[in-house]
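First up is the structure itself, then whatever we jot down about it.
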Amino acid sequence: MALIVQKFGGSSVADAERVRRVAGIIADTYAEGNDVIVVLSAQGDTTDDLIEKAKEINPNPSKREMDMLMSTGEQISIALMAMCLEKMGLPVISLTGWQIEMKTNSDYSNARIKKISTERIRNEIGKRRIVLVAGFQGVNKYDDITTLGRGGSDTSAVAIAVAMNADVCQIYTDVEGIYTADPRKIPGALKLNEITYDEMLELASMGAQVLHNRSVELAKKYGVEMEVLSSFVRKPGTRVREVMSSVEQRFISGVAKDTNVVSFALMGVKDEPGVAFKIFRRLAMEKINIDIILQSVGRGHTQDISFTVASSDREKAEQVLVANKASIGYEKLNVTEEVAKVSVVGAGMMSNHGVAAAVFEGLYNAKINIIMISTSEIKVSVLVNEADADRAVAAIHAKFFE
Ligand code: ADP
Ligand code: ASP
Ligand code: MG
19 MALIVQKFGG
29 SSVADAERVR
39 RVAGIIADTY
49 AEGNDVIVVL
59 SAQGDTTDDL
69 IEKAKEINPN
79 PSKREMDMLM
89 STGEQISIAL
99 MAMCLEKMGL
109 PVISLTGWQI
119 EMKTNSDYSN
129 ARIKKISTER
139 IRNEIGKRRI
149 VLVAGFQGVN
159 KYDDITTLGR
169 GGSDTSAVAI
179 AVAMNADVCQ
189 IYTDVEGIYT
199 ADPRKIPGAL
209 KLNEITYDEM
219 LELASMGAQV
229 LHNRSVELAK
239 KYGVEMEVLS
249 SFVRKPGTRV
259 REVMSSVEQR
269 FISGVAKDTN
279 VVSFALMGVK
289 DEPGVAFKIF
299 RRLAMEKINI
309 DIILQSVGRG
319 HTQDISFTVA
329 SSDREKAEQV
339 LVANKASIGY
349 EKLNVTEEVA
359 KVSVVGAGMM
369 SNHGVAAAVF
379 EGLYNAKINI
389 IMISTSEIKV
399 SVLVNEADAD
409 RAVAAIHAKF
419 FE
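Residues in the sequence shown are numbered from 19 upward in steps of one, following the working numbering.
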């Protein structure tokens, strides 16, 4: 007997038939004698639909009210699932983030979990009830509802697993596990039996939406064993853990794409000490994260500095740069959203040379131009035109896996 946290994503509970199928998985886990805590996402495209509804009324709503709205999708899911399990004769209770005292900070729409009171969940589990918790939502110090950022139900699940000291956190989704690339886009993608926290964190941060990156961060910090598996096919998925068992050692674990990237080019800045400091200090003061930075070789007395930020920071970054044009001193600002970052991730890169060269060769063969490059110990990223992004993933994936 174990304490198991199971999370089911939106497509796993999209309609009545799928709710029944998932209820079957939950019921079987419970029947084996386990204590079961289930975290659910909003059904299908509910969250997107809610965002659309909001825009029809007010294109610029306050973040507080957005969270109030977006959090409703998960509440529908837990109530429906509870009704389904009730009908099967099982003891069950659904609880919102507020009811389990999922405390977060006040960063609406992207809140971070601070603390979970386990009392209510423990009480219910003590009565041998199946506990259903609404994912993605919490409550801040003003008792306002907050949400954890898109895809955040994964993080709710891991946080509850940590707080309850669960034996495993299972993330059920619409693919059979974690693959070497998005299996919906790359037919040759290979399913991994296991992956390390570090590699998964990098893949998730580089755009592989299969897991919310903060969920992996939390799992790593507290050593929670995660498994990603299918809610449609009952077979083992992918384990996410600290180290790999030696048989599975591979040197690249996957390729990911991120289209939520904007590139900024400041043309004709002065070629003198302190320029980069002036630019990036201004951006840092506005809490804007910079990703890739590229500085051109000086020509005469000027040079160009380019960098990328997340799409969500585009407006703020542009405002800062325009407002400080005189003090920074540049001739022209170019902003483009039509770019994407494609990354290859693998812990084996540290001890193997030639990964970057293989990436570039793959892109060259596919005649894809590279705009910027950045590398870290376990990753090589290239910025390409958005129109080339899917082909770039395919080309790089083929180079390493096919
Ligand atoms: P859920 O609603 O269950 O949370 P998501 O849509 O958030 O599901 O995540 C699952 C999706 O992630 C898959 O349908 C797949 O298209 C996508 N994906 C992207 N990269 C990968 C990868 N490397 N391995 C598996 N799935 C991936
Ligand atoms: N329903 C939320 C979203 O669509 C949270 C989640 O699915 O994890 O982002
Ligand atoms: Mg998800």
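Backbone N, C-alpha and C define an ideal beta-carbon position, used for all residues, glycine too.
- Close CB contacts of residue 210 within its chain, under the 6 Å cut and outside five residues either way in sequence, are with 196, 256 (chain order).
- Restricted to the segment 19-73, the alpha helix (DSSP H) segments that are unbroken, complete and at least 4 residues in length are 34-49, listed in chain order.
- Between residue 231 and residue 167, the gap from beta carbon to beta carbon reaches 7 Å or more.
- Taking residue 176 as reference, the option from 194, 324, 237 with the minimal CA-CA separation is 237.
- At least one heavy atom of the ligand ASP sits closer than 6 Å to the Cβ of residue 60.
- Per DSSP, residue 269 lies in no beta strand (DSSP E) and is assigned neither H nor E.
- A distance criterion of 6 Å places the beta-carbon of residue 169 in contact range of the ligand MG, judged by its closest non-hydrogen atom.
- Within 6 Å of the C-beta of residue 90 there is not a single heavy atom belonging to the ligand ASP.
- Burial check for residue 124: the Cβ neighbour count within 10 Å stays below 16, so the residue is exposed.
- According to the DSSP assignment, residue 247 belongs to no alpha helix (DSSP H) but to the beta strand (DSSP E) extending over 244-248.
- Counting only the Cα atoms, residue 116 lies some 43 Å from residue 402.
- A distance below 7 Å between beta-carbons, with the five flanking residues on each side excluded, links residue 110 to the following residues of its chain, in chain order: 100, 103, 104, 147, 148, 150.
- Going by DSSP, residue 112 is part of the beta strand (DSSP E) stretching over 110-113.
- With 16 or more other CB atoms across the displayed protein chains lying within 10 angstroms of its CB, residue 222 is buried.
- If you draw a straight line from the Cα of residue 387 to the Cα of residue 379, it comes to about 11 Å.
- Approximately 17 Å separates the beta-carbon atoms of residue 390 and residue 306; this is outside 8 Å, ruling out the contact.
- For the pair residue 330 and residue 281, the Cα-to-Cα distance works out to about 12 Å.
- Under a 10 Å Cβ-count criterion, residue 299 is classified as exposed, with fewer than 16 other Cβ atoms of the shown protein chains found around its own Cβ.
- Judged by beta-carbon spacing, residue 56 lies beyond the 7 Å limit of residue 187, meaning their Cβ atoms are not closer than that value.
- The beta-carbon distance between residue 118 and residue 138, rounded to whole angstroms, is 5 Å. This is short enough to meet the 8 Å contact definition.
- DSSP places residue 156 in the strand class (E or B) of the three-state scheme.
- Cβ neighbours of residue 183 within its own chain (closer than 8 Å, five residues either side excluded): 21.
- Contact check for residue 68 against residue 87 passes: the beta carbons are separated by less than 7 Å.
- In the same chain as residue 413, and ignoring 5 residues on each side of it, the C-beta atoms closer than 8 Å to its own belong to 380, 381, 383, 384, 386, in chain order.
- Per DSSP, residue 81 has no beta bridge partner at all.
- Closer than 6 Å to some heavy atom of the ligand ADP: that does not describe the Cβ of residue 186.
- Apart from the 5 residues on each side of it in sequence, residue 93 sits with its Cβ closer than 7 Å to the Cβ of 114, 152 in its chain, given in chain order.
- In summary, residue 160 is exposed, with fewer than 16 beta-carbon neighbours lying within 10 Å of its beta-carbon over all protein chains present.
- Straight across, the Cα-Cα distance linking residue 272 with residue 419 is about 9 Å.
- Look at residue 276 here: in three-state DSSP terms it is strand.
- Going by DSSP, residue 358 is part of the beta strand (DSSP E) stretching over 350-363.
- Taking a C-beta distance under 7 Å as the contact criterion, residue 373 and residue 410 do not qualify as a contact pair.
- The segment 297-321 contains no complete alpha helix (DSSP H) run of 4 or more residues.
- In the three-state DSSP reduction, residue 190 falls in the strand class (E or B).
- Non-local C-beta neighbours of residue 312 in its own chain, meaning closer than 6 Å and more than five positions away in sequence, comprise 324, 390, ordered along the chain.
- Going by beta carbons, residue 136 and residue 97 fall outside the 7 Å limit.
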